[in-house]
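Participant: All the letters of the sequence shown, read from the start, carry residue numbers 29 to 538 under this note's numbering.
Heads up, the beta-carbon is just placed ideally off N, CA and C, and yes, glycines get one too.
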Amino acid sequence: MPAKISLCMIVKNERQNLERCLNSVQRAVDEIIVVDTGSTDETCTIAANYGAIVQPFLWQEDFSEARNASLALATGDWILFLDADEALAPGSETVLRSIVELDNDGYFVKIINYVGSEGWLDSCPDLVFRLFRNRPDYRFRGAIHEQIIDVILENNSQARYQLAEDLVIIHYGYLTQQIMAKDKKNRNISIIRRELENAPQNRLLRYHYGVELFRADRLTEAAEELTKAANGIDPGTVYLPKLLRYIVLACQGAQQYEKAMETIKLGLSLFPHYADLYYYGGLIHAELRNYAQAYELFQQALSMPPQPAYFAPFSGTAGFRTYYQLGQLAEKFCNEEEALRYYLLSLRDNDDFTAALSGILKILNPRENPEYTRQALAKICDFCTPEAKLLLADLFFFASAYPLALEYFEQVDLISSYTQILKAICLMQQRRFLEALRILENIPADDAQFALAKFNKLLCFWFEGNRARVRAIAEECFALGLSLDTGAVVAILRDSLKKKHADPPVVLQE
């Protein structure tokens, strides 16, 4: 009889995430247990719609208590734990069903953490222990960053666990909008600080405390706590590579460059193939204008072999990021041909890396060489999708190559009001004011970009020398509550046309 799998979750106000998570496990698990710690939105209804057993639970700032409450309700042979802001990657259900039939007690699985915000998402892989046999003596421990593998080994010294790298979890919780919405930084810091008061020698807890301080931009404190966690640590500790990298990042951010480089030297003596350390060493030397040393470290980063999952490597440190930094170095020495070569290598390694494309455009100079730029880009990439065309339009716009930007804006459906305004500005730069006004008039008053649209309407009429409309729209702009700087610009534009015979204005180029 096939092994039964129970998905266990703890949730609170996860209306935005829960459906994505539960959709991903529909064919992967046999039972869903959801412990709710006080939702006031539709979270419980969504869970119930997927057939979940929903159990209310009084939150006491202890994640292990809540997780263990879900374990007590599970009837499956195996427990899979997910958070609501996670999801199983496509294809993982087949892997999951096969590995629970093997003679192991638990599995480390690969998790891909998405970080960043809308417009540029990055990813960072890691390993987490999320799948284990359901036994009454296997229970979580720790108020936050709760652990269970140590408990399993304490209760069963013969327990076997393996890495199931083809079982992949996607984690969206480190995206900027998710962190801000949940105030995760302050919540986690408060809980871990309380736990450390009771267990000051807990090295893993101090590591997590340092990481949370780093995420909260408390860099000097983070460097101090992370260093404490590293002092006297066993070199075989599985999270040591990540700990060393966080020390480097915290020290770099706090401008403690000497300590950062000492940590890199120590880290490379233990992990000589760790691309992240070469990469960040190169960045630090570049910041200090030690360009020769930076170049050497970047080249070493590129020579590194594929990184093991327990390094939790940042994407591109042995590829597109390092190529881009080498391009930046080449530009500093006015070697545009070499810079272009590195930017092309970067873009070919990751065709979503906008910074490399920006570097290419800077060298091609689309404002002065539009036709050459168009031909060169056609040889580099196939910008055939609407997303690619919109990206090019944005880049051309901010390179002041307005005719090219307009050409690409007109090839796509402009969904956002912001991109519609950019298109209107391109039209204004070509003195096509009536067309620009038609676009700007369609931005509704409740839109977040309404004030920007109104300001550009004022510019349209100012370019045309229409004093009456400029005065009227200026008053409408003031009523919107502009910033002091924008208000001052509006006043200048309004007053510049007061003279009856004022000279007609010229189109601004920047």
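(1) Using 8 Å as the threshold, is the C-beta distance between Thr68 and Asn41 below it?
(2) Taking the DSSP output, what are the residues bridged to Asn132?
(3) If we count the other Cβ atoms within 10 Å of its Cβ and call it buried at 16 or more, is Lys528 buried or exposed?
(4) Just how far apart, CA to CA, sit Gln229 and Leu372?
(5) By a C-beta neighbour count over all protein chains shown, 10 Å radius and 16 as the cutoff for buried, is Val518 buried or exposed?
(6) Please report the distance separating the alpha-carbon of Glu93 from that of Arg167.
(7) To which residues of the same chain is Ser120 closer than 6 Å at the C-beta, ignoring the five residues directly before and after it?
(8) Are there three or more Cβ pairs, one per stretch, closer than 8 Å when the region 371-391 is compared with the region 180-196?
(9) Could you spell out where the alpha helix (DSSP H) holding Glu564 opens and where it closes?
(10) Thinking C-alpha only, which one of Tyr237, Gln457, Thr265, Cys152 is nearest Ser10?
(11) Residues in its own chain within less than 7 Å of Thr345 by CB, not counting five upstream and five downstream?
(12) Return helix, strand or coil for Cys505, following the three-state DSSP convention.
(13) Starting from Gly201 and walking both ways along the alpha helix (DSSP H), at which residues does that stretch end?
(14) Specify, as a first and last residue, the run of the beta strand (DSSP E) that Cys488 falls within.
(15) Give me the Cα-Cα distance between Glu503 and Ala464, rounded to the nearest whole angstrom.
(16) Taking contact to mean 3 or more Cβ pairs, one atom from each stretch, closer than 8 Å, check whether the region 57-71 and the region 83-93 are in contact.
(17) Buried or exposed for Arg317, going by 16 or more other Cβ atoms inside 10 Å?
(18) Do Glu275 and Leu254 have their C-beta atoms within less than 8 Å of each other?
(19) Could you spell out where the beta strand (DSSP E) holding Ala115 opens and where it closes?
(20) Taking only runs of the alpha helix (DSSP H) that begin and end inside the region 433-470, which ones reach a length of at least 4 residues, in chain order?
(21) Please tell me whether Gly134 and Ile33 are closer than 8 Å, where the distance is taken between their beta carbons.
(22) Quick check on the DSSP output: the beta strand (DSSP E) that includes Glu110 runs from which residue to which?
(23) Tell me, to the nearest whole angstrom, how far the beta carbon of Ala251 is from that of Cys279; I am working on the premise that it is less than 8 Å.
(24) Relative to the ligand FAD, is the shortest distance from any of its heavy atoms to the C-beta of Ile408 smaller than 7 Å?
(25) Output the residue ranges of the beta strand (DSSP E) runs that lie fully inside the region 317-390 and measure 3 residues or longer, sorted by chain position.
(26) Does the Cβ of Met332 have 16 or more other Cβ atoms within 10 Å, making it buried, or fewer, making it exposed?
(27) Near Gly387, what residues of its chain come up, given a Cβ to Cβ distance below 6 Å and the 5 sequence neighbours on each side ignored?
(28) For Asn132, I'd like the list of residues in its chain whose CB is within less than 8 Å of its CB, leaving aside the five on either flank, ordered along the chain.
(29) First and last residue of the alpha helix (DSSP H) that includes Pro414?
(30) Spatial neighbours of Leu233 within its chain, please: CB distance less than 8 Å, with the 5 preceding and 5 following residues excluded, ordered by chain position.
(31) How big is the Cα-Cα spacing for Ala358 and Leu181?
(32) Closest to Ile391 by C-alpha separation, out of Ser98, Lys360, Pro414, would be which residue?
(33) Who are the Cβ neighbours of Asp154 in its own chain at under 6 Å, not counting the five residues just before and after it?
(34) So, under 8 Å CB-CB, Ala56 and Leu124 are touching, yes? Tell me the CB distance rounded to an integer number of Å.
(35) Please state the DSSP three-state secondary structure of Gly144.
(36) DSSP on Ala137, reduced to helix/strand/coil?
Facilitator: Inspection of the coordinates gives the following:
(1) Numbered from its first residue, the sequence shown carries residue 68 at position 40. Numbered from its first residue, the sequence shown carries residue 41 at position 13. Asn41 is positioned such that its CB atom lies closer than 8 Å to that of Thr68.
(2) Sequence index remark: in the sequence shown, residue 132 carries index 104 (1-based). None; Asn132 has no bridge partner.
(3) Within the sequence shown, numbered from 1, the residue matching residue 528 stands at position 500. For Lys528, the predicted structure reports a pLDDT of 47, less than 50, and the residue's modelled location is therefore unreliable. The matter cannot be settled from this model.
(4) As a working note, residue 229 is residue 201 in the sequence shown. As a working note, residue 372 is residue 344 in the sequence shown. The alpha-carbon of Gln229 is positioned some 49 Å away from that of Leu372.
(5) Within the sequence shown, numbered from 1, the residue matching residue 518 stands at position 490. Result: buried.
(6) Taking the sequence shown and counting its residues from 1, one reaches residue 93 at position 65. Taking the sequence shown and counting its residues from 1, one reaches residue 167 at position 139. Computed Cα separation, rounded: 9 Å.
(7) Counting from 1 along the sequence shown, the entry for residue 120 is found at position 92. Excluding positions up to five away in sequence, the list reads Leu195, Val196.
(8) Under the 8 Å Cβ criterion, the region 371-391 does not count as touching the region 180-196, having fewer than three qualifying pairs.
(9) With the chain covering 29 to 538 only, the question about residue 564 has no answer from this structure.
(10) The chain is shown only over 29 to 538; residue 10 falls outside these bounds and no answer can be derived.
(11) Mapped onto the sequence shown, residue 345 falls at position 317. For Thr345, the CB contacts under 7 Å within the same chain, skipping 5 residues up- and downstream, are Ala303, Asp304, Tyr307, Ala329 in chain order.
(12) In the sequence shown, the residue the question calls residue 505 occupies position 477. Here Cys505 sits in helix by DSSP.
(13) As a first step, residue 201 is located in the sequence shown; it is residue number 173 there, counting from the start. From DSSP, Gly201 is part of no alpha helix (DSSP H) but of the beta strand (DSSP E) over 189-203.
(14) If you number the sequence shown from 1, residue 488 lands on position 460. Here Cys488 belongs to no beta strand (DSSP E); instead the alpha helix (DSSP H) covers 478-492.
(15) The residue labelled residue 503 in the question sits at position 475 within the sequence shown. The residue labelled residue 464 in the question sits at position 436 within the sequence shown. Their Cα atoms are separated by approximately 21 Å.
(16) Taking a cut-off of 8 Å on C-beta distances, the region 57-71 touches the region 83-93, as three or more cross pairs fall below it.
(17) Position 289 of the sequence shown, counted from the start, is the residue given in the question as residue 317. An exposed status is given to Arg317, since fewer than 16 other beta-carbon atoms sit within 10 Å of its beta-carbon.
(18) By one-based count along the sequence shown, residue 275 stands at place 247. By one-based count along the sequence shown, residue 254 stands at place 226. In the sequence on display, residue 275 carries Ile and not Glu. Between Ile275 and Leu254, the C-beta gap is smaller than 8 Å, which places the two residues in contact.
(19) Your numbering for residue 115 matches position 87 in the sequence shown. Start and end: 114-116.
(20) With a minimum length of 4 residues, the continuous alpha helix (DSSP H) runs that stay inside the region 433-470 are 445-457, 461-469.
(21) On the sequence shown, residue 134 is found 106 positions in, with the first residue counted as 1. On the sequence shown, residue 33 is found 5 positions in, with the first residue counted as 1. Between Gly134 and Ile33, the gap from beta carbon to beta carbon reaches 8 Å or more.
(22) Indexing the sequence shown from 1 puts residue 110 at position 82. The identity of residue 110 in the sequence shown is Leu, whereas the question assumes Glu. From DSSP, Leu110 is part of no beta strand (DSSP E); its letter is neither H nor E.
(23) Start at 1 with the first residue of the sequence shown, and residue 251 comes out as number 223. Start at 1 with the first residue of the sequence shown, and residue 279 comes out as number 251. About 5 Å; that satisfies the 8 Å criterion.
(24) The ligand content of the structure shown is nil, which means the ligand FAD is not present either.
(25) Listed in chain order, there is nothing to give.
(26) Counting from one through the sequence shown, the residue named residue 332 turns up at place 304. Using a 10 angstroms sphere on the CB of Met332, the tally of other CB atoms reaches 16 or more, which defines it as buried.
(27) Position 359 of the sequence shown holds residue 387. The residues are Gly355, Tyr371.
(28) For the purposes of this step, residue 132 is taken as residue 104 along the sequence shown, with counting starting at 1. Once the five neighbours on either side are set aside, the close Cβ partners of Asn132 are Arg188, Tyr189, Gln190.
(29) As a position in the sequence shown, residue 414 is number 386, starting the count at 1. Where Pro414 is concerned, the enclosing alpha helix (DSSP H) stretches over 414-426.
(30) Stepping through the sequence shown from its first residue, residue 233 is reached at position 205. Hits under 8 Å: Gly170, His173, Ile220, Glu223, Leu224, Ala227.
(31) By 1-based counting over the sequence shown, the position of residue 358 is 330. By 1-based counting over the sequence shown, the position of residue 181 is 153. The C-alpha of Leu181 is placed about 53 Å away from the C-alpha of Ala358.
(32) Along the sequence shown, read from residue 1 onward, the residue named residue 391 stands at position 363. Nearest option by C-alpha distance: Lys360.
(33) In the sequence shown, the residue the question calls residue 154 occupies position 126. If we look at Asp154 and ignore the five residues flanking it on each side, its Cβ neighbours are Ile139, Ala340.
(34) Within the sequence shown, numbered from 1, the residue matching residue 56 stands at position 28. Within the sequence shown, numbered from 1, the residue matching residue 124 stands at position 96. Contact holds; Cβ gap of about 5 Å.
(35) As a working note, residue 144 is residue 116 in the sequence shown. Gly144: strand per DSSP, three-state reduction.
(36) Walking along the sequence shown from the start, residue 137 turns up at place 109. Rather than Ala, the amino acid found at residue 137 in this sequence is Val. Of the three classes helix, strand and coil, the one that applies to Val137 here is strand, per DSSP.
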